[in-house]
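Residue numbers (the UniProt record's numbering): 7 to 480.
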Ligand code: LFR
């Protein structure tokens, strides 16, 4: 056979999609068959994901996929990282919390009282993000943790519902903070030092391994008429995205730009130096044991949350491309460049007011019009992207000659151009659906539809997806 078909479920923080991928030695295409919103829900106890709605929508999308392509032999699931469901006897014990929920602050304190961040970094290699799973678990009521028998990250939870097999996929498990950076196995000593129950952490599985076959009822409900596997992929969405960056890893930095801007380089070994710690970099687990040396930059969240607030105030939708076009006409020298990574921008809320407060504290004039706010956000993101991409190269020993931008941010021409300008380096934008393509590619390789290293997979992306290039301007 010269090609085959797989399905990918990709859940993002604002929307999810189901993709059908066709892969062969010279073919790689991914078509979105279903798109659905991911609307977090506020209840008095906090901010939650509606994980049953997400699973229902994923199943509905997979049904569409099987109807369109009866030949699908494998399904892979990826999502954002760190969040999890607790189960007992196979039953979900509550709605998973959203990582932007404020409850994690207490967890950070509790964990650092037992082990300061520098000690953690040496073991798990992670940037201090207050929502890393270990802090969330430390913020759970102890009786609830004691009652649970299993914790599953979001893609693992969906995989469990599809197959009945409970595993922790390694790239995503690396974001929990409980995996040793040295060998990517559960850090039993750390788990016990933090007083967390080791028994809730399931056995690990690596991308490319088979999680299991669809449960019979699920297969019937999806209309799958042949045996269909759920294949472990880089289930951390960023890990899948990095697979499909059409880069030469020894000469490029990447930005996976969606809700977050994940800015970094790919290296063979973790970088655990004092410099990396001070620069707040992370060493997340990549597909094929690669290391994603990157930093979480606040990303398009600041822009989308700003626009969401305006839409609520106006009671009407805003045309974002039109707004970006007016922002492109604003003189960049007139708008403030603020620190997008300031912790005040993490929770949902009034972004323009927070930008104003930041400007007041730093003695700079705040933006005036909506177009100026948008331009200020774009300039600030571009500055953070440029600085971080260059720092990533320095820390990782990569001679960065090109910056790749993949994900939804690749559609934002102003952001791509200003990142190129501020870095003094060319930006190569696309593919927009890198995460889905990375998910599809890892499944395809597991099925034998394509072969080789990540370099071979990236070469297929290069041959099938024309990027858009932005040269730096003075
Ligand atoms: C991007 C992402 C980031 C992770 C953040 C929270 O979608 O997965 O990599 O830090 O979401 O899970």
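Where a beta carbon is used, it is the ideal one built from N, C-alpha and C, also for glycine.
Since the structure is predicted, the reported quantities are computational estimates derived from the model, not experimental observations.
Where does residue i sit, in a helix, a strand or coil, going by DSSP?
| i | result |
| --- | --- |
| residue 287 | coil |
| residue 198 | helix |
| residue 482 | The structure shown has nothing for residue 482, since the chain only spans 7 to 480. |
| residue 364 | helix |
| residue 371 | coil |
| residue 438 | coil |
| residue 3 | Shown here, the chain extends from 7 to 480; a query on residue 3 therefore has no answer. |
| residue 383 | helix |
| residue 212 | coil |
| residue 207 | coil |
| residue 324 | coil |
| residue 21 | strand |
| residue 118 | helix |
| residue 105 | coil |
| residue 474 | strand |
| residue 480 | coil |
| residue 26 | strand |
| residue 430 | coil |
| residue 340 | helix |
Does residue i pass the burial test, meaning 16 or more other C-beta atoms within 10 Å, or should it be called exposed?
| i | result |
| --- | --- |
| residue 439 | buried |
| residue 467 | buried |
| residue 58 | exposed |
| residue 386 | buried |
| residue 7 | With a pLDDT of only 49 at residue 7, under the threshold of 50, the placement of this residue in the model should not be trusted, and no figure is reported. |
| residue 111 | exposed |
| residue 309 | buried |
| residue 49 | exposed |
| residue 375 | exposed |
| residue 368 | exposed |
| residue 208 | buried |
| residue 22 | buried |
| residue 317 | exposed |
| residue 107 | buried |
| residue 246 | buried |
Within the continuous beta strand (DSSP E) that includes residue i, where are the two ends?
| i | result |
| --- | --- |
| residue 70 | No beta strand (DSSP E) contains residue 70, which is instead part of the alpha helix (DSSP H) from 57-74. |
| residue 43 | 33-43 |
| residue 301 | 297-303 |
| residue 52 | 52-54 |
| residue 8 | No beta strand (DSSP E) holds residue 8; DSSP gives it neither H nor E. |
| residue 272 | 267-273 |
| residue 248 | Element bounds for residue 248: not the beta strand (DSSP E) but the alpha helix (DSSP H), 243-249. |
| residue 453 | Run containing residue 453: none; DSSP gives neither H nor E here. |
With respect to the alpha helix (DSSP H) encompassing residue i, which residues constitute its N-terminal and C-terminal limits?
| i | result |
| --- | --- |
| residue 185 | Run containing residue 185: none; DSSP gives neither H nor E here. |
| residue 139 | 139-144 |
| residue 177 | 176-179 |
| residue 164 | 160-169 |
With a threshold of 7 Å (Cβ to nearest heavy atom), would residue i be considered close to the ligand MN?
| i | result |
| --- | --- |
| residue 390 | The ligand content of the structure shown is limited to the ligand LFR, which means the ligand MN is not among them. |
Check whether chain D comes within 8 Å of residue i, counting only Cβ atoms and requiring the distance to be less than that.
| i | result |
| --- | --- |
| residue 34 | Among the chains in the structure shown there is no chain D, since it carries only a single protein chain. |
Three Cβ pairs or more, each shorter than 8 Å: is that satisfied between the segment 409-417 and the segment 433-448? Contact holds between the segment 409-417 and the segment 433-448, because three or more Cβ pairs, one in each stretch, are under 8 Å apart.
Does the segment 48-67 come within contact of the segment 114-129, defined as at least 3 CB pairs closer than 8 Å? Verdict: no, contact absent.
Would you call the segment 188-202 in contact with the segment 158-173, where contact means no fewer than 3 C-beta pairs closer than 8 Å? In this structure the segment 188-202 does not lie against the segment 158-173, because fewer than three pairs of beta carbons, one per stretch, are closer than 8 Å.
Does the segment 374-393 touch the segment 326-336, meaning 3 or more C-beta pairs lie closer than 8 Å? Note that the segment 326-336 touches the segment 374-393; at least 3 beta-carbon pairs, one per stretch, sit closer than 8 Å.
For the segment 270-285 and the segment 303-323, state whether three or more C-beta atom pairs, one from each stretch, are separated by less than 8 Å. Segments in contact, no.
Segment contact flag, the segment 66-78 with the segment 230-243, C-beta cutoff 8 Å, min 3 pairs: Counting C-beta pairs closer than 8 Å gives three or more between the segment 66-78 and the segment 230-243, which meets the contact rule.
Do the segment 180-194 and the segment 138-155 touch if we need at least three Cβ pairs shorter than 8 Å? By the Cβ rule, the segment 180-194 counts as touching the segment 138-155, because three or more pairs are nearer than 8 Å.
Cβ pair count under 8 Å reaching 3, the segment 258-276 against the segment 286-305: Short answer: they touch.
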